[in-house]
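First comes the structure, then the notes that go with it.
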Amino acid sequence: MNFPSIVQPETVNFCNAKCIMCPTSKGTKPKGFMDFGLYKKIIDECARNKEYVKALYPFQNGEPLIHPEFSKYIEYAKKQNNQWEVALYT
């Protein structure tokens, strides 16, 4: 079975900065946070496939540090596999 080596769960899909070069603030989809239950499902699936997953980037188009429970999400991932590289862009 193939599995991605980098997993990017979109924990938040908006940003409080209005950078002119970034399309995130111009998006039309509803703003929100990923439900912790869904996040756990994703991380658990990654943990079951840990031989493939090397990195976790908990963002895509949003500002991950806006999430009020951001540390809870990172702590859960690290408990599942503390060998994953975790990277952020803010």
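According to our numbering, the sequence shown is numbered sequentially starting from 1362.
Beta carbons are placed, not taken as given, at the ideal position from N, Cα and C, and that holds for glycine.
Inset, instruction - Whole angstroms is fine: what's the gap from Cys1376's alpha carbon to Leu1417's? - result: 20 Å
Legend entry - Endpoints, alpha helix (DSSP H) assigned at Gln1441: 1431-1441
Legend entry - For Ile1427, the three-state DSSP class (helix, strand or coil): helix
Inset, instruction - Check whether the Cβ of Pro1391 lies closer than 7 Å to any heavy atom of the ligand PLP, and answer yes or no. - result: Ligands displayed in this structure: none; no statement on the ligand PLP is therefore possible.
Inset, instruction - Evaluate contact between the stretch 1369-1386 and the stretch 1427-1447, counting only Cβ atoms and requiring at least three cross-stretch pairs below 8 Å. - result: yes
Inset, instruction - May I ask you to list the residues that DSSP assigns as paired with Phe1394? - result: Val1373
Inset, instruction - Write down the C-beta distance between Tyr1437 and Pro1419 rounded to the nearest angstrom, noting that I regard them as a contact closer than 8 Å. - result: So it is not a contact: roughly 10 Å between Cβ atoms.
Inset, instruction - Tell me whether Leu1469 sits in a helix, a strand or coil according to DSSP, three-state version. - result: One cannot answer for residue 1469 here, as it falls past the ends of the chain, which runs 1362 to 1451.
Legend entry - Beta carbon of Lys1400 nearer than 8 Å to that of Pro1365: It should be pointed out that residue 1400 corresponds to Tyr in this sequence rather than to Lys. Against a cut-off of 8 Å, the Cβ pair of Pro1365 and Tyr1400 comes out as no contact.
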